[in-house]
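Following: one structure in structure tokens, then a few remarks.
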Ligand code: FES
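In this note's numbering, the protein residues as written are 797 to 1084.
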């Protein structure tokens, strides 16, 4: 019995005498995957505990796989195994076409944010032992799926870019001086600097789901990181407040806290958004 269970029928090869080069390649890949499955099954024969993962699959470029489905893989469980470890095992032993992003494997690059058991999490930071089994793994909601677990991040990056996510100041120090920041000011912006651009917060936000132009929690947090930095000066702070005050900026936030709940770096995103709202109001008050 195969260790891989496909919940929905996968593609069948057309029976033609003369197969195209593409079909030949697909057949060869299929045979290779069958071999990988057999070898993995042999590897598992002595294993005591296994865990099932149900993985979202979708490939718009392959005939018969354009329809979304879930594939189930049985993975040998080891202490300390993360969701990313399980996905890598499934890809390396069962199906080399299984597609997902990852890089650092230590919650720094932000590339493996996934929808795991109904919540946005980093695959590399989520222990299998902390989850209910079988584990359901899907791409981030509210983003277009490119293939399997890979989503299109273009819109998220556009929103991040729109808040000018880099340090800007007219108040430069002299040639031999440092651009000093007080200890208190560093503490104030510390948490906001932890963002790893994973977009888990954006994916969890109902407002962002309904308003494609909403800046979103990550971009607003990035604006906070610089608006609160005393080294940028008053003119830049005002410029940044003007950006986040726009129609699709901070005022769209309804304080639902979903972004704060899912942030893998524990950034108090909702708090930062509320503080920017207060700063925006204060900057608009005029006392004559
Ligand atoms: Fe880099 Fe998970 S692989 S954050």
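Even glycine gets a Cβ: it sits at the ideal position worked out from N, Cα and C. Just so you know, these numbers come straight off a predicted model, no measurement behind them.
Rounded to whole angstroms, what's the CA-CA distance from residue i to residue j? Just pull it up for me.
i            : j            : result
residue 964  : residue 1030 : 11 Å
residue 1055 : residue 1076 : 21 Å
residue 1012 : residue 861  : 32 Å
residue 798  : residue 1071 : Only weak support exists for where residue 798 lies, its pLDDT of 36 falling under 50; the coordinates are left without a value.
residue 806  : residue 1057 : Because the pLDDT at residue 806 is just 39, under 50, the model does not fix this residue reliably, and the value given afterwards should be weighed accordingly. Between residue 806 and residue 1057, the C-alpha separation is close to 37 Å.
residue 929  : residue 846  : 10 Å
residue 894  : residue 916  : 20 Å
residue 959  : residue 908  : 24 Å
residue 938  : residue 1018 : 21 Å
residue 1005 : residue 1048 : 12 Å
residue 971  : residue 980  : 25 Å
residue 897  : residue 985  : 29 Å
residue 901  : residue 877  : 12 Å
residue 1034 : residue 1020 : 12 Å
residue 848  : residue 967  : 57 Å
residue 823  : residue 844  : 33 Å
residue 867  : residue 853  : 7 Å
residue 891  : residue 1053 : 38 Å
residue 953  : residue 818  : 35 Å
residue 899  : residue 918  : 12 Å
residue 943  : residue 821  : 19 Å
residue 858  : residue 889  : 21 Å
residue 956  : residue 1001 : 15 Å
residue 1080 : residue 1045 : 16 Å
residue 808  : residue 905  : Because the pLDDT of residue 808 is 34, which lies under 50, any placement of that residue in the model is unreliable, and the question is left without a value.
residue 812  : residue 863  : Summary for residue 812: the model assigns pLDDT 43, below 50, so the residue's position carries little reliability, and this model does not support an answer.
residue 1014 : residue 816  : 47 Å
Does any residue of chain C bring its CB to less than 8 Å from the CB of residue i?
i           : result
residue 826 : In the structure shown, chain C cannot be found, because there is only a single protein chain.
Please determine whether the Cβ atom of residue i lies at a distance below 7 Å from any heavy atom of ligand 2.
i           : result
residue 848 : With respect to ligand 2, the structure offers nothing, as its ligand set consists of ligand 1.
- Message: Beta-carbon distances below 7 Å to any heavy atom of ligand 1 define the shell here; list its residues in chain order, please.
- Response: 880, 898, 899, 900, 901, 902, 903, 904, 905, 906, 907, 908, 918, 919, 920, 921, 992 and 994
- Item | Whole runs of the alpha helix (DSSP H) within the stretch 1003-1055, excluding any shorter than 4 residues | 1013-1023 and 1030-1040
- Query: Given 8 Å as the limit, is there contact between the stretch 819-830 and the stretch 909-925, that is, 3 or more CB pairs closer than that?
  - Reply: no
- Message: With three or more C-beta pairs closer than 8 Å as the rule, is the stretch 881-901 touching the stretch 852-872?
- Response: yes
- Query: Okay, do the stretch 1013-1032 and the stretch 940-950 touch, 3+ Cβ pairs below 8 Å being the bar?
  - Reply: no
- Taking only runs that begin and end inside the stretch 891-976, name each unbroken beta strand (DSSP E) of 3 or more residues, in chain order. 909-912, 915-918, 931-934 and 941-943
- Item | the stretch 931-941 contacting the stretch 909-918, beta-carbon criterion three pairs below 8 Å | yes
- Message: Within 8 Å, do at least three Cβ pairs link the stretch 1059-1067 to the stretch 988-1007?
- Response: yes
- Item | Sequence ranges, beta strand (DSSP E) only - wholly within the stretch 860-886, length at least 3 | 865-872
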